[in-house]
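Note that the working numbering gives residue 262 to position 262 of the sequence shown, counting from 1, and the numbers run on in steps of one. For glycine and all other residues, C-beta sits at the position ideal for the given N, C-alpha and C. Below: the structure, in C-alpha cells.
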Amino acid sequence: MKRYQFFFLCLTLLICATGIVQGYIITIDTPKSVIKGSPLLVTGTTTFPEDSYFDLVLFYSKYTAGEVARTRVIVDKTQAFRVDFDTRHLERGQYKVEVHNIVSDNEMFVERQLGSSSIVRRIIQITDRSDEISITSPGTQPLSQALTISGRMRGIGDGVLTIRVFGPGDYTYGPEQVITRKGFADNSGDFSTTVPVPSPGEYLASISDKNGFIGEYQFTITGAETKETEIITPAPTIETIATTVPATTIPETPVLPSPTKTQASSGFLAGILGLVCFILIIGTKR
Numbered sequence: 001m002k003r004y005q006f007f008f009l010c011l012t013l014l015i016c017a018t019g020i021v022q023g024y025i026i027t028i029d030t031p032k033s034v035i036k037g038s039p040l041l042v043t044g045t046t047t048f049p050e051d052s053y054f055d056l057v058l059f060y061s062k063y064t065a066g067e068v069a070r071t072r073v074i075v076d077k078t079q080a081f082r083v084d085f086d087t088r089h090l091e092r093g094q095y096k097v098e099v100h101n102i103v104s105d106n107e108m109f110v111e112r113q114l115g116s117s118s119i120v121r122r123i124i125q126i127t128d129r130s131d132e133i134s135i136t137s138p139g140t141q142p143l144s145q146a147l148t149i150s151g152r153m154r155g156i157g158d159g160v161l162t163i164r165v166f167g168p169g170d171y172t173y174g175p176e177q178v179i180t181r182k183g184f185a186d187n188s189g190d191f192s193t194t195v196p197v198p199s200p201g202e203y204l205a206s207i208s209d210k211n212g213f214i215g216e217y218q219f220t221i222t223g224a225e226t227k228e229t230e231i232i233t234p235a236p237t238i239e240t241i242a243t244t245v246p247a248t249t250i251p252e253t254p255v256l257p258s259p260t261k262t263q264a265s266s267g268f269l270a271g272i273l274g275l276v277c278f279i280l281i282i283g284t285k286r
C-alpha cells in the first residue's frame with residue numbers, strides 16, 4: 001500500500017470515528033427579532049434517522065422561563081424541518097426556542113449526547129408595533145354601514161398601508177393599498193377605507209407597511225340597523241256593561257178629582273130647593 005493511500009485511509013477512519021464520537025446533530029435557526037403578529041419561523045436540520053422525533057419549545061424568558069408553546073417535529077427522509085409559532089397573543093420581550101425530548105429508535109437522548117456542532121437553543125426578541133396606529137373608527141358598527149377602518153399612524157406622513165380583513169366563515173378581504181395623508185400638526189398619516197362585509201360577527205383588520213407587519217385591530221359588526229319604533233301600550237280600561245231591564249207597564253188608574261168645599265155646598269143647597277119645590281107642587285094639587 002502506498003503512503004498516500006494509507007494516509008487517506010487513516011483520515012477516513014478518523015473522520016468516521018469522530019462522527020461516531022460526536023453523535024447525532026440537531027441545529028435550529030430563528031430570526032433575532034420578530035414583530036408581534038408575524039409568525040416566528042424556526043428552521044433546522046438533523047442527522048437523526050427518519051421517524052426520530054423531538055419537541056421544539058418556546059419559552060418566555062423575561063424573569064423566569066415559562067413555556068408558551070410546544071410542537072413536535074418528526075424527522076422525515078429530508079432530515080430538514082420547519083415550524084411556525086403564532087405570536088399574535090405574545091407580550092413584547094425576550095423569548096427562547098429549545099429542543100427537548102429527543103427520541104430515536106425508542107431511545108431517549110439528552111443534550112450532552114448530541115454532537116458538539118449541534119445548536120439546540122436560540123434567543124428571540126418579540127417587538128410590538130401595534131401602538132404605532134390609533135384607530136378612530138368605532139369598534140362596533142352596524143352591518144348596513146359595512147366596515148369602516150379609519151385611523152392615524154405615527155411618523156408615516158404621506159405613505160401607503162396594506163390592509164387585510166379576516167372574519168367569520170373563512171371571510172378574507174384584501175390586500176388593499178390605502179394611502180395615508182400627512183396632517184398639519186405632525187408627521188402622522190391619516191387613513192380611511194370601507195370594507196364590504198357579508199354578515200355580523202367579529203372581524204380582524206391586519207395592517208402592515210413597507211417595514212412589515214404592524215398589528216391586528218378587532219371590530220364587531222352587528223345586525224342590520226333598524227329604527228326603533230315606540231310601542232304604546234294602552235292603559236287597561238274597565239268597561240261598564242249596561243244591562244237593560246225591560247220596564248213593566250202598570251195600567252193607570254183614573255183618579256177622580258175630590259170635590260171642593262164650594263162644590264159640595266152648592267149641590268146640597270140645590271138638593272134642598274128641589275125637595276121644597278117638590279113638596280109645594282104636591283100640596284097644590286091636593
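Query	Result
Between the CA atoms of VAL165 and ARG152 - distance to the nearest angstrom	18 Å
Beta-bridge partners of GLY151, as assigned by DSSP	ILE135, PHE191
First through last residue of the beta strand (DSSP E) which encompasses SER206	201 to 209
Of the residues THR47, ILE221, ILE124, ARG129, the one placed nearest SER33, counting alpha carbons only	ILE124
Burial state of VAL245, where buried means 16 or more other Cβ atoms lie within 10 Å	Only weak support exists for where VAL245 lies, its pLDDT of 49 falling under 50; the value from the coordinates is given anyway. Result: exposed.
Option nearest ASP105 by Cα separation, candidates PRO49, ASP29, GLY37, GLU176	PRO49
Sequence-distant residues of its chain with Cβ nearer than 6 Å to THR194 (five each side left out)	ALA146, THR148
Beta bridge counterpart(s) of HIS100 as assigned by DSSP	ASP55
Buried versus exposed, by CB contacts within 10 Å (16 or more), TYR171	exposed
Beta-carbon contacts of SER134 that lie in its chain and below 6 Å, excluding the five residues immediately before and after	GLY151, ARG152
CA-to-CA distance, PRO142 to ALA242, given in whole angstroms	Note that ALA242 scores 49 on pLDDT, short of 50, meaning its location in the model is unreliable; the coordinates nonetheless yield the value given after this. Distance between the alpha carbons of ALA242 and PRO142 is about 55 Å.
DSSP three-state assignment for SER144, whether helix, strand or coil	helix
CB contact flag (LYS96, ARG112, <8 Å)	no
Given VAL197 as reference, the closest of ILE119, VAL99, ASP158, PHE219 once Cα atoms are compared	PHE219
Rounded C-alpha distance that separates GLY115 from VAL103	15 Å
Candidates ARG72, GLY23, THR222, of which the one nearest GLY167 by Cα	THR222
Reduced DSSP secondary structure (H/G/I, E/B, other) of SER33	strand
CA-to-CA distance, ARG181 to VAL42, given in whole angstroms	38 Å
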